[in-house]
Amino acid sequence: MSPRAKKSLGQNFLMHAKTAARIADVARLSPDSVVFEVGPGTGMLTHELLLRSKKVIALEADGELVEKMRHDLADDVELGKLELIHGDVREFDLGTLPAGYAVVANIPYYLTGELFRRFLEDDNQPSSMTLLVQKEVADRIANAKKESILSLSVKAYGAPKREFIVPRGAFVPAPGVDSAVLTISGISRKYFRDRDQERRFFDLLHAGFGHKRKLLASNLMEAGVPKDAVPAGMRAEDAPLDFWLHLSAF
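To convert, note that position 39 of the sequence shown is 37 in my numbering; the numbers rise steadily by one, no gaps.
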């Protein structure tokens, strides 16, 4: 019998074993990998991650599910391969995780944007992220012809790829939309000279996308960017990552 999902936590449990195995495969883990799994739920994906990694640190907001997993995966807990933590990812200290950890997460959709910022902008960044997100969000980040604050914010730190679609029927209860697995590989701060440039980059992004009806040059003038530094007629969604990185370097 499946656990009852709590609406207050936005729970949709992944219940399809083959999908869980496929997600673990595209996470591209090694026998030395330490995985930080956010929202393990029933442990369907956790089991597959344990088979492919050195250790899984699983953070779950639902105390009842933590206890259920502690019982179901008792051998892995006893061996030290699985560490279960009851807590909220928004409050968890990422600095306690080992350097180079990999993130795997099946989280409520409403936390998606916050989770990107939480991990990518932290001092202790993961080496990679594998996320179950709304299909539209995955496409907006990895496949859209037009850029957005979200897509550029992700690309500034790593390489996003929409791996495959996960139909709503793979979850209990079924969400109202299809999902997709999004991976972000090669996460680093290699594009930024220092934290000042990093802050300037995001300041420019928010200024550039601030007024959708205005041309980019007009929006960026408010942020102190000379009009002749922006191609005539360009809009924020047409400017590639390299453009924003170049502007932020000055």
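Backbone N, C-alpha and C fix where the C-beta goes; we use that ideal spot for every residue, glycine too.
query	result
E235 (DSSP reduced to helix, strand or coil)	helix
Extent of the continuous beta strand (DSSP E) to which L130 belongs	126 to 132
F11, DSSP secondary structure in three states	strand
Reduced DSSP secondary structure (H/G/I, E/B, other) of R88	coil
Reduced DSSP secondary structure (H/G/I, E/B, other) of A19	helix
Three-way DSSP call (helix, strand, coil) for K225 in this model	helix
Residues near A22 in its chain [Cβ-Cβ closer than 8 Å; skip 5 each side]	L43, E46, L47, L49, R50, V102
I185 beta carbon less than 8 Å from that of S126	yes
Secondary structure of L180, DSSP reduced to three states	strand
Cα-Cα separation, M(-1) to D70	At M(-1) the pLDDT is 43, less than 50, meaning the model places this residue with poor confidence; the figure from the coordinates comes in the next sentence. Distance between the alpha carbons of M(-1) and D70: 14 Å.
L148 versus G111, G174, H244, residue with shortest Cα-Cα distance	G111
Alpha helix (DSSP H) runs contained entirely in the segment 71 to 117, provided each spans 4 or more residues	72 to 77
Top-ranked residue by Cα proximity to D86, from D121, K52, M13, P106	P106
Under 8 Å between C-beta atoms of F250 and F11	The question about residue 250 has no answer here: the residues shown for the chain are numbered -1 through 248.
Other residues of its chain near T17: CB distance less than 7 Å, five sequence neighbours each side excluded	V164, A168
Minimum C-alpha distance to E196 - residue among D30, Q132, L239, L27	L239
Spatial distance of E58 from L80 (CA atoms)	13 Å
Opposing strand residues paired with I55 [DSSP bridges]	F34, E81
Residue environment, H244, which counts as buried when at least 16 other CB atoms sit within 10 Å	exposed
Option in L213, A221, E220 with minimal Cα separation from D236	L213
R115 classed as buried or exposed, judged by whether at least 16 other C-beta atoms fall within 10 angstroms	exposed
Distance, K188 Cα to E119 Cα	13 Å
Identified DSSP bridge partners for F248	BP columns for F248 are empty, so no partner.
Proximity winner among V228, M13, L203, R160, relative to L180 (alpha-carbon distances)	R160
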